[in-house]
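Colleague:
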Amino acid sequence: MGGRAALFRACWQGAPKRPATAFVMFSNQHRQEVKDANPQLTMVEIAKKLGEMWRGMEQDVRKEWEEKATSAKDHYMVGLARAFSRDPRGVAAAFGPGRAPWASGWIFRVLAVATHGAAVCSHGPCAG
Numbered sequence: 007m008g009g010r011a012a013l014f015r016a017c018w019q020g021a022p023k024r025p026a027t028a029f030v031m032f033s034n035q036h037r038q039e040v041k042d043a044n045p046q047l048t049m050v051e052i053a054k055k056l057g058e059m060w061r062g063m064e065q066d067v068r069k070e071w072e073e074k075a076t077s078a079k080d081h082y083m084v085g086l087a088r089a090f091s092r093d094p095r096g097v098a099a100a101f102g103p104g105r106a107p108w109a110s111g112w113i114f115r116v117l118a119v120a121t122h123g124a125a126v127c128s129h130g131p132c133a134g
């Protein structure tokens, strides 16, 4: 074995697991409640019910779930920065010439979040 695939796996070895979205976090929290209230429903029907609950949710409650997801994403980005800061040359070799993660600019956002924490949003530096 070896080659690019092995190097790619080695670079991602210490990387954190991708965080859940706001809807997935909500679903994980409420799935058992829906299942207990409707024991006859299949998993597909439970998922549809959770989707209906999500779409019918008030904006302020939904915003709380989205803030939880944003916080989890920020933690994920910091973990990625730590994982990729170990050996950036290995990352470049794993992705191939011109296709390294920083070629698209996302590595700079990751490093900015790691450096500045909450002062950096997913869309760029915050004013506050």
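In the numbering used here, the protein residues as written are 7 to 134. The beta carbon of each residue, even a glycine, is placed where N, CA and C say it ideally should be. Computed from a predicted model, the values in this text were never measured in an experiment.
1. If you drop the 5 nearest sequence neighbours on each side, which residues of the same chain put their C-beta closer than 7 Å to that of S33?
2. Looking at A28 and W71, is the spacing between their C-beta atoms short of 7 Å?
3. Please classify M63: does DSSP put it in a helix, a strand, or coil?
4. Between the alpha carbons of G85 and M49, how many angstroms are there, rounded?
5. In the DSSP assignment, the alpha helix (DSSP H) including N34 goes from what residue to what residue?
6. DSSP state of G96, grouped into three classes?
Modeller: With the structure as the only source:
1. As a working note, residue 33 is residue 27 in the sequence shown. The residues are L56.
2. Here residue 71 corresponds to residue number 65 of the sequence shown, with the count starting at 1. Here residue 28 corresponds to residue number 22 of the sequence shown, with the count starting at 1. With contacts defined as CB atoms closer than 7 Å, W71 and A28 qualify as a contacting pair.
3. Against the sequence shown, residue 63 aligns to sequence position 57. Under the three-state reduction of DSSP output, M63 falls in the coil class, being neither helix nor strand.
4. Along the sequence shown, read from residue 1 onward, the residue named residue 85 stands at position 79. Along the sequence shown, read from residue 1 onward, the residue named residue 49 stands at position 43. Cα-Cα distance, rounded: 33 Å.
5. Counted from its first residue, the sequence shown places residue 34 at position 28. Segment 28 to 43, the alpha helix (DSSP H) holding N34.
6. As a first step, residue 96 is located in the sequence shown; it is residue number 90 there, counting from the start. Here the model assigns G96 a pLDDT of 48, short of 50, so the residue's position is not dependable, and the following value carries that caveat. The three-state reading of DSSP puts G96 in helix, counting H, G and I together.
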